[in-house]
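Peer 1:
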Amino acid sequence: MSISNYDARILKAPHPVPGAPDNWKRFFSFNTDAKVIGIQYIVTSLFFLLVGGLLAMVIRGELITPPADLVDPTVYNGLYTMHGTVMLFLFLFPILNGFNNLLIPTMIGAPDMAFPKLNAAAFWLVPVFAIVLMASFFVPGGPASSGWWSYPPMSLQNPLGRFFNGEMLWITAVALSGISSIFGAINFVTTIIRMRAPGMGFFRMPIFIWTAWAAQTIQLLGLPALTGGAIMLLFDLSFGTTFFRPEGGGDPVLFQHFFWFYSHPAVYVLILPIFGIFSELFPVYARKPLFGYKVVALASFGITVLSLIVWVHHMFYSGTPQWMRNVFMLTTMLIAVPTGIKVFAWIATLWRGKIRLTTPMLFCLGGLFNFIFAGITGVMLATVPIDVHVGNTYFVVAHFHYVIFNTIGFGVFAGIYHWFPKFTGRMYYEGLGKIHFVLTFIGATLNFLPLHWAGLLGMPRRVASYDPEFAIWNVIASLGAFILGVASIPFILNMISSWARGPKAPPNPWKAIGLEWLLPSPPPAENFEDDIPTVINGPYGYGLGKPLVDDEEFYIRRANEA
Amino acid sequence: MMPTSTENQGINYGAILVISIAVGVDIFFSVLMAHWSYSWFPVQASSAAPYVDSLFSLETGIGTFIFLGCTGVMAWVILFNRAPKYDEVNGDPIEGNIKLEIVWTVIPLLLVLAIAAYSINVNNTLSTLGPKQKYRVGDNPAALVSMDPKSTVGPIEVIARQWSWEFVYPDGVRSSELHLPVDQRVNFRLISEDVLHSFYVPAFRLKQDIVPGSVISYSLTPTREGRYRLRDAMFSGAYFSQNQTDVIVESEKSFADWLDLSAKQPLQPGLDPSQPLYQRRLAKGDKGWATVPPSPPPLVNDPGNPSAPHEA
Amino acid sequence: MTTSNSEVTLKHTPGHIKHDGHNLTGFIIFLCSESIIFLAFFAAYIVLKLTSPEWLPEGVNGLSIRMPLINTVVLVSSSFVAYLAERYLHKRNLWGFRTVWLLTMAMGSYFVYGQYVEWSELAFGLNSGVFGGTFYLLTGFHGLHVITGIALMALMLFRSFLPGNYEKGEAGVISVSLFWHFVDVIWIILFVLIYIWQ
Ligand code: HEA
Ligand code: HEA
Ligand code: CUA
Ligand SMILES: [Cu+2]
């Protein structure tokens, strides 16, 4: 495919209707179309949301009563370790890469990613490390069970003394996941830097692009540190070194620094794209320009920079010296400032808008509501004296599920509903969507709100059994969790039936502004093909009467005719 | 605090009134929550507890104010700014407001700076955490850190294991439960023989990880007599959740009596909470996922009373 | 959009930069990221050396510096040689490029050989405490990069014989020589840390 009269598009699927019976097979192939890869990512990761959710159901089932009665404590430890790992590495990271794949090229008017093959390779690593991770359930001794932090020396104990053990497979899977993420990050950043449509200067990029860029920068700068730590951990586990083993002069706390140097910033890798989704959706459903666009855009990189210098807040009681605790308390709290800028900007965007409570908007509002709460408990955790009490208790578990499920999860659902018509060419059912929202909101609140009190009273996390005084909070939480399990039913129903036989979606069902909405639904393989539009205005011109691109009518007409 | 200043039509007394009422209500609930938050904690049994609780109360108040402020505006918007069905018009095309943006950057900045400054102050006042000293496995860690000069009791050696606790007093008495005299600053040497553990007493509001290969000097002052839970708070493997014991804070006299009495007791196996579970597992054919076996019970003078009720 | 069909894209994406540039951009981003792993290992080395209660394994007094010093000279000068090769290529002196490029590869291989000899003469192993661990980790991980660099150079050398290979630019060779400089800089830091700072 090197001569110019050969059209590269022929290699890719013809105008795809994803899911149409004639070409569903390409979702199971090494396809290099970013939109196919995006959907591959999203479907795979939703499957693993179910897996991680199922593990969570067993966890909550165990915790509904104080003693360890449902499963053996060793099994419990394996379950929550795998729950955290699956949710983070097989659900959240991949699903956000799915969004990146769908949205980055279409939003900046690029035909594809800068490195399509690398992109496909990054995706296909996901099933590979998924299999490695799932295989660990079946090796003798069971899967890794030292928490998703895998702190040595506990993680190095390897009771059965075998070379292939759960921990070893776990490290391998995490390392492969890191390689996949780095491939992805190189691709996304290069694409954003070099493949924007003519006229799309940095300050005309949609906020989602800004946040994706800020997030992927974190991946590039942080992930290698974890990879380095993981390599050393693997050597300690399997090849007899003593980097983290005290016998032999090693330092267990050193690993914690490696781990959190990446894994703290990682939480902003996860939340930044959600900030992007909020920033895209609020203007659409409030029919107003995003308030303070430039500041919101730059705040993303403010968060990136700060996120790299706060990691010790996970180690306030690890024996870190006093000055370190003080310094990192301050840097951590500073993150509230750029984040607050964003929160206030969204609220100002809503103010005096024309609010439309569609399913995506409901999930955005619910997510923002939960996020403000979660951020405040975050600042409490950043306060050293408070963290010294509530650290490693259910207060932390409650805090991070409030961000990770009640905010990020909500944002993910909002994004799925919002862009569903664009990339499948079908409308979803609003009624089912609203049921999904209501059940999710109630379930999530019942599940994670009470756990704050369990933590304040001193219930440690990662316990298979607990003192009876914590029972009440856990019963409510478990009920909430089961409601969340039920909430997945309308969602799954909606997705499958809408994709199969939902009403055909117009190119721009939400009357949204953005390059992706100037494309047909679903977009053809190379997006704008030969006619890349020239961007002449900023991305959120609601009510401003300024067209986004030159000759907008042409694109609208073409999208409608496709 | 919300973007009402975007209106430019002179002074709108109605709006000012509504906002004042809203802020008043917000402040009212914030103060209420701040007071209420004290009841979410276990009893205050150390000199750290009042600081922690009041810091928490302060942040609950500030947090409630911010949370209600933001969500209040959201609720207002949802109630009163809804687009009627089939209404396709846009909202006011407001793109920003520099003054407002400066305000909501500077206020949070000042707030967190103030909280951080105050917390640093509290840290310095309590100065619980002493030096951490690495040692060569096999050497005697006790000699490595000297006693915190501000404390009057100790150093008591705290030895954590998979999955039991052992306390060694300066006069050699060993116990499975931690006895402390009230209102005296106690110094500990935290030691682990296997993996990471954490010394956590919720009623004290204090926790400190115990790192194998290092000895950590740690000090605190109990302020209230009673029996409180001491929990391992750093995941330490299969029977982590069982790794609990009690702290007994008592008057100076009972403490001294207890030391005397214990010194006369012979060494005997102490609390070993994971052993029964482990035996049950073995009896069932060692099913479940792999674990290292529990370390043998520590030999102590006073094995304690695991069935006594704890207060917090 | 791979480089192989860049003409197609160039045609349909006006106003955007020549495609070959993507590869170099991507590669530079990759190198930045890669350098963090080394930074992590260096940090581990420094921390462990400064704080470990037992650093040198029993019977080991330190490292001899002679052999590694020769190695360092060879590797560092090979960077300049690689640059020379690049210049030849730029002037379209293909045989000049190939010869000098091969010389770079030879110097790289000598380095690997020197490393091998050093390793085989050492009195301690990977499992000799934190000193042994960090020593082999750092030199080994760096050695892997040298070997990768040589392999990439071999690939570039091979490609230079393909007709029309440089019509779309020299990004491949530029990237590989960038990688070589990177490996070089890493070595200098490593040399200072391990051999000079004893
Ligand atoms: C995934 C997303 C995510 C996000 C976005 C955050 C956001 C924050 N987190 Fe959280 N956190 C986690 C995920 C996340 N966290 C996870 C997974 C863990 C546990 C991991 C584990 O242990 O397994 C954790 C644990 C954790 C700890 C460690 C606790 C412990 O283990 O002892 C701390 C401590 O400082 C902390 C703090 C914060 C802070 C300060 C923020 C801030 O970014 C929040 C900023 C936002 C706001 C403050 C709200 C909006 C701002 C305003 C409205 C302005 C005005 C506000 C003020 C002036 C207060 N988090
Ligand atoms: C993306 C991240 C993410 C998400 C979404 C969740 C979601 C949930 N988590 Fe999370 N959790 C973590 C990340 C996450 N968690 C991490 C990192 C840890 C720390 C681990 C550690 O300490 O090492 C943790 C730990 C953790 C604990 C603490 C365990 C302990 O410390 O002992 C608990 C306990 O309540 C819990 C519960 C839940 C529940 C009820 C949900 C619910 O929201 C889940 C809702 C479920 C669904 C939406 C799916 C429903 C599916 C079904 C019911 C099955 C149906 C099946 C089929 C159709 C096949 N989690
Ligand atoms: Cu493809 Cu530029
Ligand atoms: Cu963090």
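Chains as they are written, first to last, in the working numbering: chain A, 1 to 562; chain B, 1001 to 1312; chain C, 2001 to 2198. Note that the Cβ used here is the ideal one computed from N, Cα and C, for glycine as well. These numbers were taken from a predicted model, which means no experiment stands behind them.
1. Between V1112 of chain B and ligand 4, is there a pair consisting of the residue's CB and a ligand heavy atom that are separated by less than 7 Å?
2. Report the partner residues of W1165 of chain B according to the DSSP bridge assignment.
3. Which one of A:G431, A:I274, A:P506 and A:F554 has the shortest CA to CA distance from N406 of chain A?
4. Quick test of the definition: if touching needs 3 or more C-beta pairs under 8 Å, does the segment 1061-1080 of chain B touch the segment 359-377 of chain A?
5. Buried or exposed for K422 of chain A, please, with buried defined as at least 16 other CB atoms from any protein chain shown within 10 angstroms of its CB.
6. Output needed in chain order: residues of the segment 2045-2074 of chain C with a Cβ under 8 Å from some Cβ in chain B.
7. Is it the case that the CB of L381 of chain A approaches a heavy atom of ligand 2 more closely than 7 Å?
8. List the residues of chain A whose Cβ lies closer than 8 Å to the Cβ of T2025 of chain C, in chain order.
9. Could you give the DSSP three-state label for T190 of chain A: helix, strand or coil?
10. Tell me which same chain residues have a C-beta within less than 6 Å of the C-beta of L90 of chain A, skipping the five on either side of it?
11. Could you tell me which of A:R196, A:W148, A:V535 and A:L55 sits nearest to I513 of chain A, measuring between CA atoms?
12. Chain C beta carbons: is any one of them nearer than 8 Å to that of L106 of chain A?
13. Looking only at its own chain, which residues have a Cβ that is under 7 Å from the Cβ of P533 of chain A, when we skip the five neighbours before and after it?
14. For the segment 1205-1218 of chain B, list every residue whose C-beta sits within 8 Å of some C-beta in chain A, in sequence order.
15. Is T65 of chain A near ligand 2, with its Cβ less than 7 Å from a heavy atom?
16. Given a cut-off of 8 Å on the beta-carbon distance, is the pair S1198 of chain B and D1272 of chain B in contact?
17. Which class does S150 of chain A belong to by DSSP, given the choice of helix, strand or coil?
18. Does chain C have any CB closer than 8 Å to the CB of G240 of chain A?
19. Where the beta carbon is closer than 6 Å to any heavy atom of ligand 4, which residues qualify, in chain order?
20. Within a Cβ cutoff of 7 Å, which residues of the same chain sit near F123 of chain A, ignoring the five residues on either side of it in sequence?
21. Less than 8 Å between the beta carbons of Y2136 of chain C and L2126 of chain C, yes or no?
22. Return the bridge partner residues of Y1218 of chain B from the DSSP annotation.
23. Is there contact between the segment 218-231 of chain A and the segment 2023-2037 of chain C, where contact requires at least three CB pairs shorter than 8 Å?
24. Kindly indicate which three-state DSSP category P21 of chain A falls into: helix, strand or coil?
25. For ligand 2, any of its heavy atoms closer than 7 Å to the Cβ of A477 of chain A?
26. Considering only C-alpha positions, which residue in the set A:V397, A:Y402 and A:P321 is nearest to L456 of chain A?
27. DSSP on K35 of chain A, reduced to helix/strand/coil?
28. Do G319 of chain A and S1127 of chain B have their CB atoms nearer than 8 Å?
29. Output needed in chain order: residues of the segment 220-233 of chain A with a Cβ under 9 Å from some Cβ in chain C.
30. What would DSSP say about P385 of chain A, mapped onto helix, strand or coil?
31. Is it the case that the Cβ atoms of L1129 of chain B and I1062 of chain B are separated by a distance below 8 Å?
32. Does the beta carbon of T1105 of chain B come closer than 8 Å to any beta carbon on chain A?
33. Go ahead and pull the three-state DSSP assignment for E553 of chain A.
34. Would you say the beta carbon of S488 of chain A is closer than 7 Å to some non-hydrogen atom of ligand 2?
35. At a CB distance below 7 Å, what residues from the segment 2108-2133 of chain C approach chain A? Give them in sequence order.
36. Going by Cα to Cα distance, which pick from A:L272, A:L118 and A:T85 is closest to Q219 of chain A?
Peer 2: The structure says:
1. Within the second sequence, numbered from 1, the residue matching residue 1112 of chain B stands at position 112. Not so, every heavy atom of ligand 4 lies at least 7 Å from the Cβ.
2. Looking up residue 1165 of chain B in the second sequence gives position 165. DSSP, once it has assigned bridges, lists B:A1160 as partnering W1165 of chain B.
3. Against the first sequence, residue 406 of chain A aligns to sequence position 406. The residue with the shortest Cα to Cα distance from N406 of chain A is A:I274.
4. Touching, yes, given that three or more Cβ pairs across the two stretches are closer than 8 Å.
5. Within the first sequence, the letter at position 422 stands for residue 422 of chain A. Buried, since its Cβ has 16 or more Cβ neighbours within 10 Å.
6. T2051, S2052, P2053 and E2054
7. As a working note, residue 381 of chain A is residue 381 in the first sequence. For ligand 2, not one heavy atom lies less than 7 Å from the Cβ of L381 of chain A.
8. Taking the first residue of the third sequence as position 1, residue 2025 of chain C is located at position 25. The contact set of T2025 of chain C on chain A, defined by CB atoms closer than 8 Å, consists of A114, T190, I193 and R194 in chain order.
9. Start at 1 with the first residue of the first sequence, and residue 190 of chain A comes out as number 190. Looking at T190 of chain A - three-state DSSP - the assignment turns out to be helix.
10. Here residue 90 of chain A is taken as the residue at index 90 of the first sequence, counted from 1. Within the same chain, L90 of chain A has close Cβ partners F48 and A130.
11. Walking along the first sequence from the start, residue 513 of chain A turns up at place 513. I513 of chain A has its Cα closest to that of A:V535, out of A:R196, A:W148, A:V535 and A:L55.
12. Residue 106 of chain A sits at position 106 when you count from the first residue of the first sequence. Position check: residue 106 of chain A holds Thr in this sequence, whereas Leu was assumed. By this cut-off, T106 of chain A is not an interface position.
13. Translated into the one-based positions of the first sequence, residue 533 of chain A becomes position 533. Closer than 7 Å at Cβ, skipping near neighbours: G109, A197, L515, L518, V549, D550 and Y555.
14. R1205, L1206, K1207, Q1208, D1209, V1211, P1212, G1213, S1214 and I1216
15. Looking up residue 65 of chain A in the first sequence gives position 65. Checking the Cβ of T65 of chain A against ligand 2 gives no.
16. By 1-based counting over the second sequence, the position of residue 1198 of chain B is 198. By 1-based counting over the second sequence, the position of residue 1272 of chain B is 272. Not a contact, by the Cβ cut-off of 8 Å.
17. To locate residue 150 of chain A, count along the first sequence from 1; it is residue 150. Note: S150 of chain A maps to coil in three-state DSSP.
18. Walking along the first sequence from the start, residue 240 of chain A turns up at place 240. Contact of G240 of chain A with chain C is assigned, a C-beta pair being separated by under 8 Å.
19. A:H264, A:V267, A:H313 and A:H314
20. Your numbering for residue 123 of chain A matches position 123 in the first sequence. Closer than 7 Å at the Cβ level, and outside the excluded window around F123 of chain A, lie I37, Q40 and Y41.
21. For the purposes of this step, residue 2136 of chain C is taken as the residue at position 136 of the third sequence. For the purposes of this step, residue 2126 of chain C is taken as the residue at position 126 of the third sequence. The Cβ atoms of Y2136 of chain C and L2126 of chain C sit closer than 8 Å to each other.
22. Counting from 1 along the second sequence, the entry for residue 1218 of chain B is found at position 218. Bridge partners of Y1218 of chain B: B:L1129 and B:F1188.
23. yes
24. Here residue 21 of chain A is taken as the residue at index 21 of the first sequence, counted from 1. Only weak support is given to the placement of P21 of chain A: the predicted model assigns it a pLDDT of 42, under 50, and the question is left unresolved by the model.
25. Position 477 of the first sequence, counted from the start, is the residue given in the question as residue 477 of chain A. The answer is yes for A477 of chain A.
26. Position 456 of the first sequence, counted from the start, is the residue given in the question as residue 456 of chain A. When only C-alpha atoms are compared, the closest one is A:V397.
27. Walking along the first sequence from the start, residue 35 of chain A turns up at place 35. Helix.
28. Mapped onto the first sequence, residue 319 of chain A falls at position 319. Mapped onto the second sequence, residue 1127 of chain B falls at position 127. No.
29. L220, L221, G222, L223, P224, A225, L226, T227, G228, G229, I231 and M232
30. Translated into the one-based positions of the first sequence, residue 385 of chain A becomes position 385. The answer is helix: DSSP assigns P385 of chain A an H, G or I state.
31. Taking the first residue of the second sequence as position 1, residue 1129 of chain B is located at position 129. Taking the first residue of the second sequence as position 1, residue 1062 of chain B is located at position 62. Against a cut-off of 8 Å, the Cβ pair of I1062 of chain B and L1129 of chain B comes out as no contact.
32. Position 105 of the second sequence holds residue 1105 of chain B. Yes, contact with chain A.
33. As a first step, residue 553 of chain A must be located in the first sequence, where it is residue number 553. Reduced to three states, the DSSP call for E553 of chain A is helix.
34. Residue mapping note: residue 488 of chain A aligns to position 488 of the first sequence, counting from 1. Indeed, a heavy atom of ligand 2 lies less than 7 Å from the Cβ.
35. L2126, N2127, G2129, V2130 and G2133
36. Here the question's residue 219 of chain A lines up with position 219 in the first sequence. Checking every option, the nearest Cα to that of Q219 of chain A belongs to A:L272.
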